[in-house]
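Participant: Position 407 (the sequence shown) corresponds to 407 in UniProt numbering; numbering is contiguous. All C-beta atoms, glycine included, are put in the ideal place defined by N, C-alpha and C.
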Amino acid sequence: MDLSTNTSKILYLDCSSGISGDMTVGALLDLGADRDVLLEALKSLPLEGYRTEITSVTKSGLKACDFHVILDERYENHDHDMAYLHGPGHESEAPGHVGHKLPEHGHPHQAHPHSHGRNLPDIRRILSEGRLTPHALELALKIFQIVAEAESQVHGKPLEEVHFHEVGAVDSIVDIAAAAVCIDNLGIQDVIIPFLTEGWGQVRCQHGLLPVPVPAVTAILTAYGLPLHISSVEGELVTPTGAAIAAALRTGGQLPAEFKILRTGLGAGKRDYQTAGVLRAMLLEAGSTSHDRVLVIETNMDDCTGEAMGFVMEELLEAGALDVFYTPIYMKKHRPAYQLSVICAPEKRQTMEELIFRHTTSIGLRVSEMQRTKLSRKIISLETPWGMADVKMCQYRNEIYYYPESDSILQLAKDNHISFTEMYHEVKEYAAKNHTVL
């Protein structure tokens, strides 16, 4: 099943049992990512001390794909050892995943500091020396950057001085590189993750016992605004690697109002908690329209300067407003005035109101909630005879509409010494005739 060129597909990650690196890779492989492409990419990395197994296992009665990074003894970090992570009485009974015997003395990482002492430049070098596609490399580096920023904040160290522990271990490097390769191979651009589900309690790591969610996870969730649900499960369901992957991939949190499920993949987790223990990935095809709710914030002003109104418009748009516009009106005593209208997502209300009150003369706002119907759309970059142009492509039922972006048309009109209107119509007509919808 070749999905690499189908740009209209949406990936939905159901993280109700948490998310980790190996769960993500397993789910993407089960969804249809090419395992040969993955294994060749991993083979090209200058990294030793491991081998991989891709098998089918049963979790909670469900058939799932298990992506297993098996470490040499000298690199073992006991990430899947339940007795080590949570103490006696938590030994894993999952078939095929026997707990590792703990050393009699010392911390399991101490004997081989090179296996966990890598910093961000070391990891960048390892990934860059492999034969990853540009997009896969960019995504893998982005995921590690997210983890590095979290570790920097948690430990109070400059970014380049952070030495990774669990995330710098061989298996985590492989998991992150593998996830990036699979996403690239599937051609996924839009990823919906409504929320992450985490457990509670404590888990053992390099620094001893830490509360769940661990500090690196909470730092990532805070920095990237990922919604979190705490379940009744005792244990760590969201790993730092999993949180970083979710932060790097997530483009939205709300599913389309209507969609078709094209394929489902299940990725198995190694830890044996009181939950399904799988990450479900669903490949969706959205309908031509979707519905959501927006707020319309309005205020009338007859004493605000044009300069101030222009400034607040830019501030509102930069802060996430969906649209901002002014309407000429007449107020009491026949005074000419403007009505400011702001359309935004409900969660942006406080931000929008603060900006309006701070930068205008408004002393009161009207707020109403409305339902919005949207056409399916995306921005494509198109090579035209006049140069590269960004074009908005919209779909309604079986019809495709093309609307060139004004900034691109402005630049092309200047470069080709023709009018804006003529350039707009030329690019629009060219896109309709020459762009292939896959």
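Just verifying my parser: in three-state terms, what is the DSSP assignment at F195?
Facilitator: In the structure shown, F195 sits in coil (DSSP, three-state: anything other than H, G, I, E or B).
Participant: What residues in its chain sit with their C-beta under 7 Å from that of S16, if we drop five residues either side in the sequence?
Facilitator: T197, listed in sequence order.
Participant: Can you tell me which of the three DSSP states Q339 falls into?
Facilitator: Q339 falls in the strand class under three-state DSSP.
Participant: Shortest alpha-carbon distance to I10 belongs to which of T222, A247, K260, L120?
Facilitator: Comparing Cα-Cα distances from I10 to each of T222, A247, K260, L120, the minimum goes to K260.
Participant: Once DSSP output is grouped into helix, strand and coil, what is the label at G387?
Facilitator: G387 falls in the strand class under three-state DSSP.
Participant: Taking residue 452 and R293 to be in contact with their CB atoms under 8 Å, please state how far apart those CB atoms are, rounded to whole angstroms.
Facilitator: Because residue 452 is not part of the residues shown, which for the chain are 1 to 438, the question remains open.
Participant: Just mark I418 as buried or exposed, buried being the case when its beta carbon has 16 or more other beta carbons within 10 Å.
Facilitator: The residue is exposed, with fewer than 16 neighbouring Cβ atoms inside 10 Å.
Participant: What does the Cβ neighbour count give for N434, buried or exposed, with the cut at 16 atoms within 10 Å?
Facilitator: Exposed is the call here.
Participant: So is G320 buried or exposed if we call it buried at 16+ other beta carbons inside 10 Å?
Facilitator: G320 is exposed by the Cβ-count criterion.
Participant: The beta strand (DSSP E) spanning E40 covers which residue range?
Facilitator: Looking at the DSSP string, E40 is not in any beta strand (DSSP E); the run it does join, the alpha helix (DSSP H), is 35–43.
Participant: Could you round the C-beta distance between L45 and I126 to whole angstroms and report it? I think they count as a contact, below 8 Å.
Facilitator: About 6 Å; that satisfies the 8 Å criterion.
Participant: Classify Y424 as buried or exposed, calling it buried when 16 or more other Cβ atoms lie within 10 Å of its own Cβ.
Facilitator: Burial call: buried.
Participant: Using a Cβ-Cβ cut-off of 7 Å (strictly less than) and excluding sequence neighbours within five positions of Y224, which residues of its own chain qualify?
Facilitator: Excluding positions up to five away in sequence, the list reads A247.
Participant: Pick helix, strand or coil for L255, following the three-state DSSP scheme.
Facilitator: In the structure shown, L255 sits in coil (DSSP, three-state: anything other than H, G, I, E or B).
Participant: Since A216 and P240 should fall inside the 8 Å C-beta cutoff, what is the C-beta to C-beta distance between them, to a whole number of angstroms?
Facilitator: Yes, A216 and P240 are in contact; Cβ-Cβ is about 4 Å, under 8 Å.
Participant: Work out the CA separation of H359 and G310 for me, nearest whole Å.
Facilitator: Between G310 and H359, the C-alpha separation is close to 10 Å.
Participant: Hey, L295 and I343: beta-carbon distance below 9 Å or not?
Facilitator: Against a cut-off of 9 Å, the Cβ pair of I343 and L295 comes out as a contact.
Participant: Go through its chain and collect everything with a Cβ distance to P194's Cβ below 6 Å, but skip five positions before and after it.
Facilitator: Taken in chain order, the residues that qualify are G253.
Participant: Closer than 6 Å by C-beta to A136: which residues in its own chain qualify, once you throw out the five before and the five after it? Chain order, please.
Facilitator: Result list for A136: A180, V181, D184, in chain order.
Participant: Between which two residues does the alpha helix (DSSP H) holding T351 run?
Facilitator: Unbroken alpha helix (DSSP H) run through T351: 349–359.
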